[in-house]
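Below is one structure, written out as structure tokens; comments come after it.
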Amino acid sequence: MSQTLQSVRGMNDILPDEAEFWEIFEETVRSWLKCYGYRPIRMPIVEPTPLFKRAIGEVTDIVEKEMYSFEDSLNGEHLTLRPEGTAGCVRALIQHNLAAQHPRRLYYMGQMFRHERPQKGRYRQFHQVGVEAFGFAGPDIDAEMILMGARLWGDLGLDGIELQINSLGQPEERAQHRAALIAYFEQHVDMLDDDARRRLHTNPLRILDTKNPALQDLCANAPKLIDYLGPESLAHFEGVQRVLRDAGQAFTVNPRLVRGLDYYNLTVFEWVTDRLGAQGTVCAGGRYDGLVNQLGGKPTPACGFAMGVERLIALIQEAGGAPASPAPDVYLVHQGENASRLAFRVAEGLRDQGLNVLLHCGGGSFKSQMKKADASGATFAVVIGDDEAATGEAQLKALREEGVAQRKLKVDDLAEAIIGQLIDSDEEE
RNA sequence: GCGGCAUUAGCUCAGUCGGUAGAGCACUGGAUUGUGAUUCCAGGUGUCACCGGUUCGAUCCCGGUAUGUCGCCCCA
């Protein structure tokens, strides 16, 4: 295979068999969002680089080493392929003053770009469904968003996706905890491994995630974020949990659940699976009350989450949920000049009646055309040769039923006969 | 970005202790020149990922690159 004509590493073609599956997935997702009152929004894939630096945080992995950033050679602007959707969505909200009159429930789906090393469930171009709600301050919207996920897993036929939640508190609470945590680990710096020392001043919360058994006791006794939450933060977190309990939604409070983006506060949550190897998170999000104001908008409470489409589709396929690709109703076989001219008219006429028609193209013997008709999965073959063309007739042959004779019909009667038989066979099932 | 493993026909894979390769499926054509699925016959499948090294000779051994995969980091 040529080395030069390949897709960019980590950016994949989605071929017809899989693309059909994606379309079904997207239809399911859209009707699910609609039933919660979410409305679509579409933002550009490219945004000014400073937007992401300000929204996501300068010292995050995403901004520091994963963004596809470039300078527009025509005017020198610093641009970036979006690594996530929330920043652009908030930018659009502010730019068009969308939350001025009333709260907004918005969603989008599309490509995101992060320069990471690809592996299963992680790609450089990947797709997210993003769901954002603006103007709701209470814990009810957090809980609704979490419960939405549970419904979608059901709609998609998925089980075994578990819910983890946590509260990050408000920025000042988190800052106090962070300072206490750093102080604690600095006291015991001799016990830390290299990994933990590296994280000490970049992301001390991540130290608590260590897989090193020697650090377990040290981490267990570290200052806990929940002890730094004020009464309002605690009440908000309890409010979310109350709705989840009322709904019978099982969850785990994971005090080590932190998000990789700086803008989160209060509620954060993740839906995780153990069936996708190292990429266990299929959906994650939380509250980000400060972001709209931070990016220049009026203070607006906000909450949102994103789902990894590739990961969800991998899960569905692993669960055996691959649907059959749609077969045409009719494959139109024809041979001879007059027959071919009639065939075009017949095919369009059948399509006028709402039928899916595959018109044979490329010539070939009747035998080879019939083979293609069978391979297409079509319910019927319609055969037009010069004999039929001369009388304005066509042969109608049922390909999926035993012992049904081929019939010769006037071409004007074809659609009615085909639709009638399709309805009959539907009723039998 | 770091480490392990992998890469042979369109697909799934075998194989050569170093002498340029096979199977199944799929595909194409044929079995009374107007009829598919089953059957029978015939047929092409290919820079053995790419580049270089060792060798009389490399698909096989060695090195690098690309891509995939598993794990780490991180994340959807």
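If you count by my numbering, then the first sequence holds residues 1 to 429, one letter each, in order. Ideal Cβ positions, reconstructed from N, Cα and C, are used throughout, including at glycine.
Own chain residues within Cβ distance below 6 Å of residue i, not counting five before or after
{"i": "THR281", "result": "GLU270 and VAL272"}
{"i": "GLY297", "result": "ILE94"}
{"i": "GLN125", "result": "MET11, GLN111 and PHE113"}
Residue interval of the beta strand (DSSP E) (run including residue i)
{"i": "PRO44", "result": "Counting along the chain, PRO44 falls outside any beta strand (DSSP E), and DSSP gives it neither H nor E."}
{"i": "THR60", "result": "Taken as a continuous stretch (DSSP letters only), THR60 belongs to no beta strand (DSSP E), as it is neither H nor E."}
{"i": "LEU355", "result": "That residue, LEU355, is in no beta strand (DSSP E); it is neither H nor E in DSSP."}
Beta carbon of residue i nearer than 7 Å to that of residue j
{"i": "SER325", "j": "GLU18", "result": "no"}
{"i": "PHE134", "j": "ALA319", "result": "no"}
{"i": "GLU427", "j": "LYS408", "result": "no"}
{"i": "ASP387", "j": "ASN338", "result": "no"}
{"i": "THR379", "j": "ASP329", "result": "yes"}
{"i": "LEU342", "j": "ALA389", "result": "yes"}
One or two residues paired with residue i in a DSSP bridge
{"i": "GLU337", "result": "Paired residues: none, contrary to the question."}
{"i": "PHE134", "result": "ARG104 and ALA302"}
{"i": "MET430", "result": "Here the chain covers residues 1 to 429 and nothing more, so residue 430 does not appear."}
{"i": "TRP32", "result": "Bridge partners of TRP32: none, in fact."}
{"i": "ILE313", "result": "The partner list for ILE313 (beta bridge, DSSP) is empty, contrary to what the question assumes."}
{"i": "TYR68", "result": "LEU81"}
{"i": "GLN395", "result": "VAL383 and LYS408"}
{"i": "MET307", "result": "VAL129 and CYS283"}
{"i": "LEU163", "result": "TRP271"}
{"i": "GLN119", "result": "ARG122"}
{"i": "VAL189", "result": "In DSSP, VAL189 forms no bridge with anything."}
{"i": "TYR331", "result": "LEU358 and ALA381"}
Exposure of residue i, with buried meaning 16 or more beta-carbon neighbours within 10 Å
{"i": "GLN241", "result": "buried"}
{"i": "MET1", "result": "A caution first: MET1 carries a pLDDT of 40, below 50, which makes its placement in the model too unreliable to give a value."}
{"i": "ARG151", "result": "exposed"}
{"i": "GLY308", "result": "buried"}
{"i": "VAL8", "result": "exposed"}
{"i": "THR267", "result": "buried"}
{"i": "VAL411", "result": "buried"}
Neighbourhood of residue i by C-beta, 7 Å cutoff - its chain only, sequence neighbours within 5 removed
{"i": "PRO255", "result": "ASN166, LYS224, LEU225 and ILE226"}
{"i": "ALA417", "result": "LEU396 and LEU409"}
{"i": "TYR108", "result": "PRO40, ILE41, ARG42, MET43, GLY85, CYS89 and GLY130"}
{"i": "GLY420", "result": "none"}
Span of the alpha helix (DSSP H) around residue i
{"i": "PHE269", "result": "Note, PHE269: premise wrong, no alpha helix (DSSP H); beta strand (DSSP E) at 265 to 272."}
{"i": "ALA373", "result": "366 to 376"}
{"i": "SER233", "result": "231 to 246"}
{"i": "ASP413", "result": "First-last for ASP413: undefined, no H or E at that position."}
{"i": "MET148", "result": "139 to 155"}
{"i": "ARG256", "result": "No alpha helix (DSSP H) contains ARG256, which DSSP labels as neither H nor E."}
{"i": "VAL292", "result": "291 to 294"}
{"i": "ALA438", "result": "Outside the displayed range of the chain (1 to 429) lies residue 438, so it cannot be described from this structure."}
{"i": "ARG198", "result": "194 to 200"}
{"i": "GLN216", "result": "216 to 220"}
Own chain partners of residue i with C-beta closer than 8 Å, once the 5 adjacent residues on each side are dropped
{"i": "ILE14", "result": "TRP22"}
{"i": "ARG206", "result": "ARG199 and VAL258"}
{"i": "GLY260", "result": "THR60, ASP61 and ILE62"}
{"i": "ALA196", "result": "PHE185, ILE207, THR210, ASN212 and LEU215"}
{"i": "GLN3", "result": "Annotation note: pLDDT 49 at GLN3 (below 50); position unreliable, coordinate value reported separately. Answer for GLN3: no residue qualifies."}
{"i": "LEU79", "result": "VAL46, GLU47, PRO48, THR49, SER69, PHE70, GLU71 and ASP72"}
{"i": "GLN279", "result": "GLN119, LYS120, GLY121, ARG122, GLY308 and ARG311"}
beta-carbon residue i near the ligand ADP non-hydrogen atom, thresh 6 Å
{"i": "PRO50", "result": "For the structure depicted, the ligand ADP is absent and the ligand set is empty, with no information on it obtainable."}
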